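With the working numbering, the residue at position 13 of the sequence shown is 519, and numbering never jumps.
Backbone N, C-alpha and C define an ideal beta-carbon position, used for all residues, glycine too.
Treat the numbers as computed from the prediction; the structure is a model and nothing was measured.
In what follows, a structure is listed as structure tokens, so that the remarks can point back to it.
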Amino acid sequence: MTVLAILLVIAMKVLQTSLQLPTRIPPLILPPTKKIIHIGALFVSNDTRYTPWVGYEGSAGALLVAIDRVREMHLLDDFEFNITVKFDNCIEKDAVGLAFELISQYNVDIIFGPTCNVPAIAVGVMASYYNLPHYIWGFTTANELALSLAILSVMRHFNWNEFAFIHTPSEDPQKCPIFLTDIQKAVYANPDFTISYQGQFRNPTIDEITQTLLEVKSKARIIVLCLSLPQNKRSFMLRASEQNMLGDDYVYIFADLGTRGYSKLLKYKIKFVLLYSGCFLGIGSQNNRTTYVWEDQSNIPDGLDTKAFNAFDKAFILSDIAEDKDTSRAYEEFALKVNSKIMESPFFCGDACNKSSGWKLAESASQLYDAFLIWANMANKSLTENVSYRDGAWMFNRTAGTYEGLLNNVTIAWDGARIPNFSFSGLDSNMESQILGLILMDNRGENATFIPQYNVQNEDSIVWNGRKRPMAVPITSQSFVSHASDLKVIEGKSETANMCYFYYAKDALMGLKHKVALKYEQHVNEEFRRMRQIEHDNLNRFFGITVDADFTYSLWRFCSRGTLQDVITKGSLPMDSVFIHSMMMDIASGLIYIHDSFLGFHGRLTSQVCMVDDRWQVKISYYGLTYIKDFEHRSNEELLWTAPEILRGEADIKGTPEGDVYSFAIIASELVTKRTAWDLDNRKENIEDIIRIVKKTTMDPFRPDIETTDNMDIVPSLVRFCYS
């Protein structure tokens, strides 16, 4: 080693000693950069209709609580999360616009919300188009449909086959109408049940509620209500009391999601207890007490609390099960965490979320937490299978299953809907809330089972407080059967040998007379119930049966222009080809519905049972009524519309679809020629001759002549085809 080299080594050691430098500098190792998953969330804020259940301030923090849990479970370890919040406030157009903004501008990888029915459906369509994962929570139509099935399970348990449904759109213009649609779907799929009355009051005023009660009074005894606000429930039950509709034969069921039973906590500043039965025991000052639904909370009380208290003896609550969540340690810890997280980035809620300001955990916040964990599980699984965590279709097809939730297991159906369970609660003899039944959904969310939580042998004392179980309708008045004394004659309409006219409540009805003693057997009642469910533009609405000393009457909606035969006979309109074609289409449309329904055929179709309303629309009456028709022989005049194979006894005398087509052709010939069937006034054969010839002629069928001066070449050809 040279002298210079030795000096350099000595100099370096001196420098190392004086500067305390390491003998060897290690390479700089930076932590790996994590990918970011962009989360979009749509919330409701500052809307008292929704905030107690799905409000932003009371639920958004659940996202960060869920992220902490994801870290503990080591899901998506290589990712960070960025949250973007928008406020759709359950308004469809805002939800669509904001969802598009989240997708196009913020490039989100997943959308949570909206929390209401219509916006959730619209955003779901958009997410499907972009193939992004979309998870919903809160007030969604899947839960509303499950609630509808839960209602039917209650009806089935208590042997009630029909009920009324009443709601108001004033509380939420979306929830109750969609609830009504879902319950109609459920009833349609379960023909054992009938909605005997559907009503609403636009504003919960005394007059409107009273009018609705007067309408339902003659039509139902089991009344299901979609009302959320305690003051509206109280007002409704007070009006029911005023109308003497609290007898032992009346039952009121308040059905809702997130309902707090019979009580409501005014403040959330103190410790309180919620019994498993759903009854609050508040502990604290007057400002922090629990109030019950029958208590007036207005500034100037009306003094009717005792009357309202007694009214709720006839009321039950059906709602999704909340378990005993307010007293559970898990729920209390969750509430504390959500409150803490809402103060952090990216929310920074501030004073509005301080407990001292009355902050309260949103009722459905745990659903948001559960939804995030379910998505995280699926996103993590997608990575293990080399699939993009943005692939919404892949996730949707694999999400069904049971997952660990905050309070209990969460089941997701094949269609991505969370499957809720429900409780049915009532008041005992001490007016304390008690859970009478649990309603459990199957894993597909398609069937509900009522599990009684009481000794069914003691139902009268436990459920009805010593009374007998009410019937769906009072014994003296089957829902499809009323007494003639309940009807008022329509002035100016003369009774005929076959028909009379009534007012029933506010409905104008016509009554077809039947000289038949009706037996209320199960199959007869079942047909009447199903007939009352029929809704079609070209079928006249069937209202039910009424009886007096002389006749049984089938009641149908009154059509102001009378029968089609009347219209043709009177020559009251210039029926051109377009008009005739329209009327024929009306009749054909009604027949198609009948042939595709449980009825199968009409069997007694004539122009005398085709009614014409004030808009010149044709509506078929006298369908169904199988028992009555079995004992009601056809008159000779009616045989003019009867198919030859039925006259000859070669087909079922009750009727066939093919026989209906023949009857349709006879009616069509009346329309085309603008004359009554077979034009009896202008031919030599009488009714008996025509029936005899039609019955015997097979090679060269004897049919009405079709002569027309209008440009209707196609229509007569169609009529002749139907003849054959």
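Measuring alpha carbon to alpha carbon, tell me which of the options ends up nearest residue i.
i, options, result
"K541", "Y895, A601, K691", "Y895"
"V1200", "F1208, L944, A1183", "F1208"
"I1093", "F930, T1075, W1122", "W1122"
"D1120", "A1149, F854, L1070", "L1070"
"N1142", "I1134, Y1168, A1183, S804", "A1183"
"S1095", "N1044, P710, T590", "N1044"
Under three-state DSSP, which class holds residue i?
i, result
"K866", "coil"
"I925", "coil"
"S825", "strand"
"D1159", "Just to set this straight, residue 1159 is Ile in the shown sequence, not Asp. DSSP places I1159 in coil when its eight states are reduced to three."
"D1013", "strand"
"N595", "coil"
"V779", "Note that V779 has pLDDT 31, beneath the 50 cutoff, so the model's placement of it is unreliable and the number below is only indicative. DSSP places V779 in strand when its eight states are reduced to three."
"G567", "helix"
"E850", "coil"
"P683", "helix"
"C859", "helix"
"G788", "At G788, the pLDDT of 28 sits below 50, so the modelled position is not reliable and the matter cannot be decided from this model."
"A990", "Confidence at A990 is low in this model, with a pLDDT of 48, below 50, so its placement is unreliable and no value can be given for it."
"N588", "strand"
"F1125", "Here the sequence assigns Lys to residue 1125, which means Phe is not the residue at that position. Here K1125 sits in strand by DSSP."
"G1165", "helix"
"E677", "coil"
"S734", "coil"
"F815", "helix"
"F742", "helix"
"F1208", "coil"
"S747", "helix"
Give the range of the beta strand (DSSP E) segment to which residue i is assigned.
i, result
"A626", "Note, A626: premise wrong, no beta strand (DSSP E); alpha helix (DSSP H) at 623-635."
"A761", "757-761"
"Q704", "700-706"
"N915", "915-918"
"T1148", "Taken as a continuous stretch (DSSP letters only), T1148 belongs to no beta strand (DSSP E), as it is neither H nor E."
"T955", "954-958"
"W450", "Outside the shown range of the chain, which is 507 to 1230, sits residue 450, and nothing can be said about it."
"I617", "616-618"
Nearest-angstrom Cα distance between residue i and residue j?
i, j, result
"L733", "V916", "27 Å"
"A1157", "F1107", "13 Å"
"A628", "W1147", "51 Å"
"E952", "A695", "11 Å"
"F786", "A547", "Per-residue confidence for F786 stands at a pLDDT of 32, beneath the threshold of 50, marking its modelled position as unreliable; the derived number appears in the next sentence. If I take the Cα positions, the gap works out to 33 Å."
"E910", "I573", "15 Å"
"A1014", "L1061", "10 Å"
"N750", "I1173", "49 Å"
"R745", "P625", "34 Å"
"V799", "K739", "7 Å"
"R1198", "E1027", "37 Å"
"T1132", "H1020", "12 Å"
"V631", "Q704", "30 Å"
"E1164", "D755", "46 Å"
"G809", "G932", "24 Å"
"E869", "S862", "19 Å"
"F840", "C855", "17 Å"
One question on the structure: do residue i and residue j come within less than 8 Å of each other, judged by their Cβ atoms?
i, j, result
"H673", "Q706", "yes"
"M1037", "G1130", "yes"
"K820", "V757", "yes"
"S654", "A692", "yes"
"L944", "Y960", "no"
"I1126", "V1115", "yes"
"N949", "A919", "yes"
"V1124", "M1089", "yes"
"T905", "I880", "yes"
"R924", "Q963", "no"
"Y562", "V571", "no"
"L582", "A882", "yes"
"A858", "M743", "no"
Taking the alpha helix (DSSP H) that residue i falls in, what are its first and last residues?
i, result
"G943", "Where G943 is concerned, there is no enclosing alpha helix (DSSP H), although the beta strand (DSSP E) it sits in stretches over 939-947."
"T1132", "1132-1136"
"T474", "Since the first and last residues shown for the chain are 507 and 1230, residue 474 lies out of range."
"V722", "712-723"
"Y1099", "1083-1102"
"I1199", "1193-1202"
Please indicate yes or no: does the CB of residue i lie closer than 7 Å to some heavy atom of the ligand HEM?
i, result
"F840", "Judged by which ligands are present, the structure shown has none, so any question about the ligand HEM falls away."
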